[in-house]
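Since the structure comes first, as structure tokens, the remarks are kept for the end.
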Amino acid sequence: MRLPHHRRRLPVLGAAATAAALLDAAVVAVAAPAAPPPAAAAAGSPFDVPNRGADVPFVEHEAEDAATNGTRIGPGRRQGTLEGEASGRRAVTLSGQGRYVEFTLTEPANSIDVRYSVPDGVTAPLSLHLNGQRSGSLALTSRYAWRYGSYPYSNDPGQGRPHHLYDSTRALFPTTLPAGAKVRLQVDAGDTAPSYTIDLADFELVAPPAARPANSVSVTEHGAVPGDGGNDSAAFDAAVAAARAAGREVWIPAGRFTVTKHITVDRVTVRGAGHWHSVVTGDRVGFYGLGEPSSCGQGGNSGVGTRVGLHDFAIIGEVTDRVDCDQTNAIGGALGGGSVVSGMFLQHTKVGLWLDGPFDGLTIRGNKVVDQLADGMNLHRGISNVVVEHNLFRNISDDGIALWSEHQADHSNTIRRNTVVVPMKANGIALYGGRDNVVTENVVADTQDQGGGLHVGNRFSAVPLSGATTLSRNTTLRAGVLDSNWQFGVGALWFDARDGAMNGRIDVTDTDLVDSNYEAIQFISGTITNVHFNGVRINGAGTFGLQLQSPGSASFTNVVATGLGRAGVYNCLGEGAFQITRGTGNSGWDGPPYCGAWPDPVHSNPTTTPTTTTTTSVAPGGNLARGKPVTASSANGGFPAGNAVDGNTGTYWESVNQQFPQTFTADLGGVVPVRRIVLKLPPSTAWGARTQTLSVSGSTDGGSYGQLVASAGYRFDPASGNQVSIPVTGGHRFLRLTVTGNTGWPAAQVAEFEAYAG
């Protein structure tokens, strides 16, 4: 059993110390080790990586490592499954009264923050027991989770492809518990959700509410009333205006205040009693500097907010749909000139911090940003000399941290000692163009789709990369994905020059890529040159150490790979298209390159295997095959077997052409009664009607199969939904289709394979 994971927050630095630390980081970051450091430890938790990632004030316990009589699920790596979207790719599901997960505190605590999932459409309590005594319950809801379809996603289950299955909630205990105390989440009478899946719990010893500063203007002096449900927006605006005019701070006392607009801040500090105590919540709540862009064509302002302080309160929104033109972010606008954002808790907004430049000089430190429907943080356009450090970004629906140099270069920024966990889409940390930016000592874990752990690209109309970009002393855990569009792996660390050649210098030093889902390092699109690796440890990768899909060049020194699933290098470009300059100290990724069909990943990292392994995937509407392991006798490039169980009829499995028979096999994870199989093709009328000739067989052990349905022709017609239903009987773990003909295409085709018990 692993120990719980935790870090302590560093003391806040003064301006001079911050500047000195920034200078030191910039100097040290480019220093390459003279010899290969030891292989990276295969850390399971993002908080187990020494001297990297955010220092945080809580102790994190993974549910799968706690005492439980529930079902431990995982490991699994597929988005849209409860195990695949969990931190560490494992969790615990509680189904039925009396089921529990119980955490033993290793340090005193008086609070809990739980990451959980309940089925879509459910709002229900879950009982909380402290040292054997029931102490109320936590209110859990699916309202802010469960997204469907393709970008920008929806709340319509009919779109298929469910993901973003988790949310989080937090509560203070009535008393402080000592180390050794037991905290149990248990399904009691009245806890009505069909199931509860618990990913992790953060336990913190929260300080009492801070005292009001002497030199402050309280929002309550201007009419704000905590907890009454009234709209306090006007009171907040009035308090900000009065404090700015008098050169004083704005004070938010302990309590819950409702704000339904953007509070504009410039040359003023807004401070709370601690983010557990002072909470500002409401539809469209946000704190914005000057320079706020228009919201879907409405409003906006000009200028730059300077000398702004936002400290020690929570901003909790009500955003349930992603509307990209709408400014429904927790913190926005332009905040420069020595502004500081620290000690904040940001939840249920579109983006935690979306800042629009140009501006210079901002510190973002010690914040917890969770459950967002787009980016965790984005520095957009011409932003410089920003320090982003010791922040946690978790359950983010786009990039965790992004520097986007659209039209104007972001430059001279430092992203250091942050932790990014389970970004649902895109990357943990991404640099889109810009110059002279440093990314150092960060940890990224458990990426999900259309991105990897660390990314550098000339993309999205960004000013092309120039100067020196430094990636140093970073760690990725289980990063990289099977991209849902490309249908091949994206690297834990990847480079993309699709908007134009990328030739600004990039240094990657002292970096650990651990248990990567597919390839560890990837080059794709355009021409990419002037990339230099020194001291990179690849400790486990599902497919390749290096995946080359674009021409270019890079130098490699002290790059050591172990535990590669398929081969050292993927390269179908031809000899000389990508020039590798080999220095000393390289090992583990030599040998002839692989070129061929995309292979399934093979993972050998022992830290992803729990004592008890039960794979439980999401099954919307009772579909027993959704997200389950599948295999096929062959697959045409870009159309793998997994497409047939991803909940999206827009993707499909297709076998190689002109080679019948072909088989498709689904593993339901255990012997279950099956009454019908539903096969679907994409709904577009462009497909045209077709008949596929197929039979169905079943097995309880994967070895001996018996025929369930004899071979027959099944008509797929777009006019009637392009689907067929096939009755079957009996209990089965494995179901197999054998396809011998297709009148519409010389290959087997299945967009969705669904199995139902009724």
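Each residue of the sequence shown is one higher than the one before, counting from 40 in my numbering. Glycine included, C-beta positions come from ideal geometry on N, C-alpha and C. Predicted model only: the values in this text are computed from it and were never measured.
The Cβ neighbour count for A751, taken over all protein chains shown within 10 Å, is under 16; the residue is labelled exposed. Within the DSSP bridge table, the entry for Q561 names W533, Q586 as partners. Here DSSP, grouped into helix, strand and coil, assigns T259 to helix. Relative to the Cα of S451, the nearest Cα in the group L418, T548, M463, V483 belongs to L418. Linking Q337 to E146 through their CA atoms gives a straight-line distance of about 49 angstroms. In this structure, the straight-line span from the alpha carbon of G415 to that of G439 is close to 5 angstroms. The alpha-carbon separation between N254 and W290 amounts to approximately 9 angstroms. If you ignore the 5 residues before and after D399, its C-beta comes within less than 6 angstroms of the C-beta of G375, S423, N424, all in its own chain and listed in chain order.
Sequence-distant Cβ neighbours of G745 in its own chain, meaning closer than 8 angstroms and more than five residues away, are S736, G737, S738.
Classified as buried, V157 has 16 or more neighbouring CB atoms from the shown chains inside 10 Å of its CB. DSSP places V98 inside the beta strand (DSSP E), whose first and last residues are 97-101. Residue environment analysis places R714 among the exposed positions, since fewer than 16 neighbouring C-beta atoms fall within 10 angstroms of its C-beta. In this structure V483 is in contact with A518, their Cβ atoms being roughly 6 angstroms apart against a cut-off of 8 angstroms.
Here P590 is not near F572, since their CB atoms are 8 angstroms or more apart. Counting every other CB atom within 10 Å of its CB across the protein chains shown gives A220 a total of 16 or more, marking it as buried. With contacts defined by Cβ atoms closer than 8 angstroms, D554 and H642 form a contacting pair. In this structure, Q586 and E614 do not form a Cβ contact; the two beta carbons are roughly 17 angstroms apart against a cut-off of 8 angstroms. Comparing alpha carbon positions, the residue from T508, Y183, A465 closest to G528 is A465. As for any alpha helix (DSSP H) of minimum length 4 sitting wholly inside the region 296-365, there is none. The continuous beta strand (DSSP E) containing A240 extends over residues 235-243.
The Cβ atoms of P332 and Q366 sit closer than 8 angstroms to each other. Boundaries of the alpha helix (DSSP H) harbouring S272: 272-285, taken from the DSSP string. Under the DSSP assignment, L431 falls in the beta strand (DSSP E) whose first and last residues are 431-435. With a cutoff of 8 angstroms on beta-carbon distance, F275 and V307 are scored as not near each other. When rounded, the separation of the alpha-carbon atoms in F755 and R729 is 5 angstroms. Cβ neighbours of L133 within its own chain (closer than 6 angstroms, five residues either side excluded): G109, V226, Y235. For L504 against N497, the beta-carbon gap comes to about 6 angstroms, under 8 angstroms, which counts as contact.
Contact between Q697 and V778 does not hold, since their C-beta atoms are separated by about 13 angstroms, which reaches or exceeds 8 angstroms. In this chain, L504 is not harboured by any beta strand (DSSP E), its DSSP state being neither H nor E. When the alpha-carbon of V318 is set against those of H350, I563, T345, the nearest one is in H350. Residue pairing by DSSP places Y139 opposite Q225 in a beta bridge. Bounds of any beta strand (DSSP E) do not take in E146, whose DSSP letter is neither H nor E.
According to DSSP, residue pairing for D706 in a beta bridge involves F773.
A contact between stretches requires three or more CB pairs, one per stretch, nearer than 8 angstroms, and the region 164-174 fails this requirement with the region 246-260. Going by C-alpha positions, N90 is about 27 angstroms away from F352.
Residue environment analysis places D87 among the buried positions, since at least 16 neighbouring C-beta atoms fall within 10 angstroms of its C-beta.
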